[in-house]
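One structure is given below, encoded as structure tokens.
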Amino acid sequence: MEGSQETDHYIRESAEQSSGLPVPRSTLELKLQCSEQALLALRAQYLCLRSKLNEKDQIIERARAESCMNATAMKKFVEENQRLAKECSNLLSQCKKLERECSLYENDREALMDFGNEADQRAKTAENRIRELEIEVENLSEDLQFHNRHLAQKEAQMIEAINTQCCCSGG
1 MEGSQETDHY IRESAEQSSG LPVPRSTLEL KLQCSEQALL ALRAQYLCLR SKLNEKDQII
61 ERARAESCMN ATAMKKFVEE NQRLAKECSN LLSQCKKLER ECSLYENDRE ALMDFGNEAD
121 QRAKTAENRI RELEIEVENL SEDLQFHNRH LAQKEAQMIE AINTQCCCSG G
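Residues in the sequence shown are numbered consecutively from 1, following my numbering.
Here it is as structure tokens:
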């Protein structure tokens with residue numbers, strides 16, 4: 001309540017001063033004291049706001065750095081995805097080519113079985129080649145499945161990173 005009485009006293013004396021009456025020294029000292037307190041309060045408020053501004057600037061700078069890192073990671077992810085997609089496409093093309101080749105060898109084997117000893121030897125050779133190609137097709141199929149799983153994992157990781165980013169940015 002003391003501050004309220006000082007304010008009332010200050011207002012009263014300010015009214016007296018504006019009416020042309022002589023202003024007592026205590027009034028002037030009170031005005032000076034109020035001004036100094038207001039200045040200190042403003043200075044403290046300024047320092048507080050300045051500190052908050054610096055904190056916000058740091059947060060913005062960290063967000064920019066994180067955004068830059070995320071953009072770089074996203075670019076690498078996209079490049080890796082494109083590379084894997086191209087590799088998968090090549091493997092699929094190879095598989096189809098090998099399947100056609102297997103089919104041709106299968107047809108050749110059937111035709112060669114009609115011949116005598118020489119035809120029998122040719123058929124055995126073709127069967128060996130077919131086995132090699134089937135193993136290669138199986139290996140390529142496994143590679144394709146591996147790359148598809150790897151691609152799915154990468155996508156899941158990226159989605160999780162984006163979700164984490166969104167959750168962190170929103171908070």
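Every residue gets a Cβ at the ideal spot worked out from N, C-alpha and C, and that includes glycine.
How many angstroms separate the CA atom of residue i from the CA atom of residue j?
| i | j | result |
| --- | --- | --- |
| Gln153 | Arg50 | 46 Å |
| Ser93 | Ile162 | 33 Å |
| Met1 | Tyr46 | With a pLDDT of 48 at Met1, under the threshold of 50, the modelled position of this residue cannot be trusted, and the question is left open. |
| Glu61 | Leu40 | 31 Å |
| Glu55 | Cys48 | 11 Å |
| Tyr10 | Glu36 | 14 Å |
| Lys97 | Leu84 | 20 Å |
| Ile130 | Val78 | 38 Å |
| Lys76 | Ile59 | 25 Å |
| Cys168 | Glu66 | 11 Å |
| Cys104 | Glu142 | Sequence inspection shows Leu at residue 104; the Cys mentioned does not correspond to that position. Answer to the nearest angstrom: the Cα atoms are 23 Å apart. |
| Thr164 | Cys68 | 16 Å |
| Gln121 | Cys95 | 27 Å |
Checking 8 Å against the spacing of the C-beta atoms, do residue i and residue j come in under that value?
| i | j | result |
| --- | --- | --- |
| Leu140 | Glu101 | no |
| Val137 | Glu110 | no |
| Glu6 | Leu30 | yes |
| Leu151 | Asn81 | yes |
What does a CB cutoff of less than 7 Å around residue i pick up in its chain, not counting 5 residues either side in sequence?
| i | result |
| --- | --- |
| Ser4 | none |
| Met74 | none |
Excluding the five sequence neighbours on either side, which residues of its own chain have a C-beta within less than 8 Å of the C-beta of residue i, listed in chain order?
| i | result |
| --- | --- |
| Glu106 | Ile130 |
| Gln157 | none |
Between which residues of its own chain and residue i is the CB-CB distance below 6 Å, once the five residues before and five after are set aside?
| i | result |
| --- | --- |
| Ala63 | none |
Notebook entry, point to check: Any chance the segment 142-152 sits against the segment 70-88, with 3 or more Cβ pairs inside 8 Å?
Noted result: yes
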